[in-house]
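Novice:
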Amino acid sequence: MQDKTSPFEVEIRFAFDSLAEARRKIPFLDGCLKETKPWKSSLYGPELFHFGSLLRIGTIFPETNPISYLCLKGPDAGRYANIRREMEEVITNGVSNSAVLGYLGGTTGAAGPEEVSDELERLGHGKFMSFEGIDTFGRYEPYDINVKQMECPELGYPVIIEFEKIASSEEEAFQFEEDLQRIAGELNLEDSRVHDEPPTLVYRARFGKH
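In the working numbering, the protein residues as written are 9 to 218.
(1) I want to know whether the region 153 to 167 touches the region 196 to 210 - three or more CB-CB distances under 8 Å.
(2) Where in the region 86 to 119 do unbroken runs of the alpha helix (DSSP H), each at least 4 residues long, occur, reported from the N-terminal end onward?
(3) Locate the beta strand (DSSP E) running through Cys79, then write down its first and last residues.
(4) Can you tell me the Cβ-Cβ gap for Phe22 and Ile168, rounded? I've got them flagged as a contact below 8 Å.
(5) With DSSP collapsed to three states, give me the class of Ser49.
(6) Nearest to Pro46 by alpha carbon, out of Gly53, Phe69 and Ile34?
(7) What separation, rounded to the nearest whole angstrom, lies between the Cα atoms of Gly141 and Glu71?
(8) Below 8 Å on the Cβ atoms is my guess for Ala118 versus Val103; work out the distance and round it to an integer in Å.
(9) Return the chain-ordered ranges of every alpha helix (DSSP H) run that is complete within the region 23 to 68 and spans a minimum of 4 residues.
(10) To the nearest angstrom, report how far apart Arg190 and Ile75 are at their CA atoms.
(11) Thinking C-alpha only, which one of Pro206, Ser50 and Gly114 is nearest Met158?
(12) Whole beta strand (DSSP E) runs in the region 146 to 187 with 3 or more residues, listed along the chain?
(13) Grab me the residues of Glu96's own chain with a C-beta within less than 6 Å of its C-beta, minus the 5 sequence neighbours each way, in chain order.
(14) Compare the beta carbon distance of Ser200 and Lys33 with 8 Å and say whether it is the shorter of the two.
(15) Would you check whether the ligand MN has a heavy atom nearer than 7 Å to the C-beta of Gln157?
(16) In the structure shown, what three-state DSSP assignment does Gly216 receive?
(17) Between the alpha carbons of Arg93 and Gly193, how many angstroms are there, rounded?
(18) With DSSP collapsed to three states, give me the class of Gly141.
(19) Where does Glu205 sit, in a helix, a strand or coil, going by DSSP?
See the structure below:
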């Protein structure tokens, strides 16, 4: 992924057998998690996936109208955390100059999510997997992290908690990776850490080793 302006997501995750266990091991969860949203994610481009990239259309369902996104993430560059450069854009009401579609060599205008999906199919990046769940979002300022609680039966764990930082450069991303590793150590969470990302967990559950 050659785009040099998009930010890097830096993420680590921890799996728990219950919400009670997660809250016991991460005491600040109750105070920082604020907003719950159901979601659905569809993965496109099996060849991209097998070579380490993630192309998806995601929809979240807040109390008002659904919001859809088109997202392309480059290969994971992390050693401890997952580090991916991300291009993301809202496509709920269409898009007139899609950076993602343009990057993939497609027509950059589309009237909405269905038309974006059709263009991805036309480009040879067909949909191959969908899954859904419920996320609860928040932020913990003392650690300067975004926090997400994920519940999706197909992930193989009852609850996954994600810590995230957003970096503007590769150098900053690796510094944030060190920060997240330190945080995991301070909270004694190493035994709960899961390196695989949700799409990989679901793919392995359905199709075997990725």
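Idealized CB from N, CA, C, for every residue including glycine.
Specialist: By the coordinates alone:
(1) yes
(2) 107 to 111
(3) For the purposes of this step, residue 79 is identified with residue 71 of the sequence shown, where counting begins at 1. Element bounds for Cys79: Ile75 to Lys81.
(4) The residue labelled residue 22 in the question sits at position 14 within the sequence shown. The residue labelled residue 168 in the question sits at position 160 within the sequence shown. Correct: roughly 7 Å between the Cβ atoms.
(5) Within the sequence shown, residue 49 is the residue found at index 41, counting from 1. It is a strand residue.
(6) In the sequence shown, residue 46 corresponds to position 38, counting from 1. The shortest Cα separation from Pro46 among Gly53, Phe69 and Ile34 belongs to Phe69.
(7) Position 133 of the sequence shown holds residue 141. Position 63 of the sequence shown holds residue 71. Near 15 Å, if we compare the C-alpha coordinates of Glu71 and Gly141.
(8) Stepping through the sequence shown from its first residue, residue 118 is reached at position 110. Stepping through the sequence shown from its first residue, residue 103 is reached at position 95. At roughly 6 Å, the Cβ-Cβ gap stays under 8 Å, so Ala118 and Val103 are in contact.
(9) 27 to 33, 37 to 40 and 54 to 58
(10) Your numbering for residue 190 matches position 182 in the sequence shown. Your numbering for residue 75 matches position 67 in the sequence shown. Spanning the two alpha carbons is a distance of roughly 34 Å.
(11) What you label residue 158 is simply residue 150 of the sequence shown in a count that begins at 1. Nearest C-alpha to Met158: Pro206.
(12) 153 to 159 and 167 to 175
(13) Here residue 96 corresponds to residue number 88 of the sequence shown, with the count starting at 1. So the list reads Tyr77 and Cys79, once near-sequence residues are dropped.
(14) In the sequence shown, residue 200 corresponds to position 192, counting from 1. In the sequence shown, residue 33 corresponds to position 25, counting from 1. Yes; because the gap between Cβ atoms is below 8 Å, this pair is in contact.
(15) By its list of ligands, the structure shown contains no ligand whatsoever, and the ligand MN lies outside what it can speak to.
(16) Here residue 216 refers to the residue found at position 208 of the sequence shown. Note: Gly216 maps to coil in three-state DSSP.
(17) Numbered from 1 along the sequence shown, position 85 holds the residue referred to as residue 93. Numbered from 1 along the sequence shown, position 185 holds the residue referred to as residue 193. Each residue's alpha carbon lies about 25 Å from the other.
(18) Counting from one through the sequence shown, the residue named residue 141 turns up at place 133. Residue state, collapsed to three classes: strand.
(19) Indexing the sequence shown from 1 puts residue 205 at position 197. If DSSP states are grouped into helix, strand and coil, Glu205 belongs with coil.
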